[in-house]
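A short worksheet on the structure shown next.
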Amino acid sequence: MQSYRDNPNPFTDSHGDLAHDGGAVGHQYSTPYETSSGFQGIPLVPSSASGQGEYRNIMGSQLDLGGEGAKMSNVSSSHSQWDASRYNQGSTWATEKEKQSRRSKIVVVTCIVALVIIIAVAVSVGVTVGRKANNNNVKTGSTANGVASNPNAVNQTDPNDPSTFVKDPNLHQSFYGLAYTPVGSQLPDCGNNLANVIQDVQILSQITKRVRLYGADCNQSALVLDAIQRTKVDMTVWLGNYVIATDNGAAYQRQRNVIKQAIQDFGVDHIGGITVGNEFMLNYLNANGAQDPNSPTGDQGAQILNANIQDTVSMLNGMSLSKHIPVGTADAGSYFNTKVLQSVEFGMSNVHPWFANTSISTAAAWTAQFFQEQNVDVAKTLPNNPTMYIAETGWPTKSSDAGNANNGASDASEPNLQTFIDTFVCQANSNGTGYFFFELCDEDWKDKQFGGVEGWWGLFYQNRTLKNIKIPDCQAP
1 MQSYRDNPNP
11 FTDSHGDLAH
21 DGGAVGHQYS
31 TPYETSSGFQ
41 GIPLVPSSAS
51 GQGEYRNIMG
61 SQLDLGGEGA
71 KMSNVSSSHS
81 QWDASRYNQG
91 STWATEKEKQ
101 SRRSKIVVVT
111 CIVALVIIIA
121 VAVSVGVTVG
131 RKANNNNVKT
141 GSTANGVASN
151 PNAVNQTDPN
161 DPSTFVKDPN
171 LHQSFYGLAY
181 TPVGSQLPDC
191 GNNLANVIQD
201 VQILSQITKR
211 VRLYGADCNQ
221 SALVLDAIQR
231 TKVDMTVWLG
241 NYVIATDNGA
251 AYQRQRNVIK
261 QAIQDFGVDH
271 IGGITVGNEF
281 MLNYLNANGA
291 QDPNSPTGDQ
301 GAQILNANIQ
311 DTVSMLNGMS
321 LSKHIPVGTA
331 DAGSYFNTKV
341 LQSVEFGMSN
351 VHPWFANTSI
361 STAAAWTAQF
371 FQEQNVDVAK
381 TLPNNPTMYI
391 AETGWPTKSS
401 DAGNANNGAS
411 DASEPNLQTF
421 IDTFVCQANS
431 NGTGYFFFEL
441 CDEDWKDKQF
451 GGVEGWWGLF
461 YQNRTLKNIK
471 IPDCQAP
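Throughout the sequence shown, residue numbering follows full-length UniProt numbering, covering 1 to 477 in sequence.
See below:
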């Protein structure tokens with residue numbers, strides 16, 4: 001079977017962190033989450049591997065006010081103590097002045113105590129209102145890179161407990177896995193937040209038990225792991241490190257460090273693996289005017305990627321983790337370098353019938369055949385026999401321009417997405433194919449940047465409502 005190119009934008013990763021950020025550092029958070037939104041009772045900075053932490057004592061300011069009030073009271077009560085012995089005890093004038101002084105002291109002390117109480121109440125009300133406003137912000141949805149979340153996408157019986165979400169009867173855990181990037185996870189903006197990721201995980205968990213990420217910028221690894229713990233769902237995530245060949249390892253190192261921190265903060269129970277590189281070989285070959293991943297040029301790229309893969313393995317080995325985390329790579333289906341495959345425990349292959357110009361009627365069969373012949377069979381010939389997954393497959397539902405609305409054989413449409421789902425998903429589940437369907441939701445930023453079909457691959461619209469499709473009811477392995 002002939003190779004094909006599944007990404008019309010060869011210098012970008014079309015599905016996640018951008019290659020074209022050129023490794024720009026952008027805004028990096030100094031804490032796991034720099035966002036003011038979240039569910040009531042969700043500490044923004046976890047203090048342990050479980051993701052749970054202590055509240056910051058917001059009411060501490062009241063103690064300070066009370067202390068100041070006490071000091072004021074002490075000063076007032078001791079400022080001028082009345083000494084009756086200095087006067088003739090039989091004097092009515094002295095007795096009357098003593099009474100007046102005592103009344104004055106009582107009034108002053110009473111006023112000060114009342115003032116302290118009023119201040120404490122005001123602070124308490126302010127904190128309560130602030131908390132309610134924060135909760136309301138979460139309930140009404142927040143924005144990431146200009147895309148508003150949908151507060152009605154998921155219902156919860158307890159609005160303060162994300163694990164109490166109500167299951168949608170139209171959703172079934174039929175997908176082996178899904179490709180996912182939290183909204184706002186691109187440098188330099190980093191507009192993602194925990195509340196939106198929690199909502200996505202609530203939806204994802206109803207259609208799959210597995211997700212894969214593409215990169216680690218903008219703390220997306222920690223956000224997803226935190227959301228999984230808070231929603232208490234049965235889900236495993238493959239973390240990603242998007243490697244750029246031309247930045248002297250800056251992007252790799254930056255993401256390596258935040259992945260390590262996420263593992264330290266949240267543990268390994270929900271981690272299925274780490275993917276180092278996404279379409280790295282495809283991008284490297286295109287940038288250097290080559291096509292063959294096993295050519296001398298391809299081997300040069302493989303040397304860069306393998307160094308990062310081995311560094312990730314060494315990092316994990318040095319962490320004394322409670323379980324083994326496999327390390328792999330993801331690339332376009334025809335662009336795996338043999339030396340890279342020999343260095344990993346798994347490979348993830350992008351297999352897109354749309355970009356191969358197949359018709360929708362043959363798309364599922366073509367996907368299965370291509371993956372078997374180009375990836376699975378090749379991996380079996382290698383001494384390490386890496387496990388192979390389909391990293392991406394799916395069908396677009398529209399195009400932003402008429403010129404890309406048809407791939408030469410079939411249209412980008414919701415009915416055709418339904419056809420691909422109906423002919424691929426349950427069949428792949430039955431034959432044991434590990435795949436990550438592309439993708440959860442439409443992505444507005446891709447449409448704005450690339451146009452065509454790039455932003456329209458989601459099972460859901462970008463507001464997290466299901467498209468005009470039916471999720472099959474066949475249990476994924």
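Ideal placement from N, C-alpha and C gives every residue a C-beta, glycine not left out. These figures come from a predicted structure and were not determined experimentally.
Around the beta carbon of K232, fewer than 16 other beta carbons sit within 10 angstroms, so the residue counts as exposed.
Looking at the backbone, the Cα of I469 and that of L316 are separated by about 41 angstroms.
For the segment 292–377, the continuous beta strand (DSSP E) assignments of 3+ residues that do not extend past its boundaries occur at 327–332, 346–350, in sequence order. Taken through DSSP and simplified to helix, strand or coil, V425 comes out as helix. Ranked by Cα distance from N283, the options A262, T419, Q462, D331 are led by D331. In the structure shown, the three-state DSSP call for D411 is strand. When beta bridges are read from the DSSP output, T275 appears opposite G240, G328. I274 and V327 do touch by the CB rule: their CB atoms are close to 5 angstroms apart, below 8 angstroms. In this structure N357 is exposed. Its beta-carbon is surrounded by fewer than 16 other beta-carbon atoms within 10 angstroms. Short of 7 angstroms from the beta carbon of Y252, and not among the five residues preceding or following it, lie these beta carbons of its own chain, in chain order: N241, V243, N308. For the segment 209–264, the continuous beta strand (DSSP E) assignments of 3+ residues that do not extend past its boundaries occur at 210–212, 236–241, in sequence order. Look at N406 here: in three-state DSSP terms it is strand. Around the beta carbon of G432, fewer than 16 other beta carbons sit within 10 angstroms, so the residue counts as exposed.
The Cβ atoms of N150 and N463 lie closer than 7 angstroms to each other. As computed with DSSP, Q156 is found in a beta bridge with F165.
Within the same chain, and ignoring the five residues on either side of S399 in sequence, the residues whose Cβ sits closer than 6 angstroms to its Cβ are A405, A412, G452, V453. With 16 or more other Cβ atoms from the protein chains shown falling within 10 Å of its own Cβ, Q220 counts as buried. Here the segment 297–306 makes no contact with the segment 255–275; the two share fewer than three CB pairs at distances below 8 angstroms. Counted as a single uninterrupted DSSP element, the beta strand (DSSP E) harbouring I390 occupies residues 387–393.
Contact between the segment 203–216 and the segment 175–188 is present: 3 or more CB-CB pairs across the two stretches fall below 8 angstroms.
One thing to note: P383 has its Cβ no nearer than 7 angstroms to the Cβ of G347. If you draw a 10 Å sphere on the C-beta of N375, you find 16 or more other C-beta atoms in it, and that means buried. I421 and G458 have their C-alpha atoms some 12 angstroms from each other. When the five nearest sequence neighbours on each side are left out, the beta carbons in the same chain lying within less than 7 angstroms of the beta carbon of D168 are those of Q206, in order along the chain. The continuous alpha helix (DSSP H) containing F280 extends over residues 280–287.
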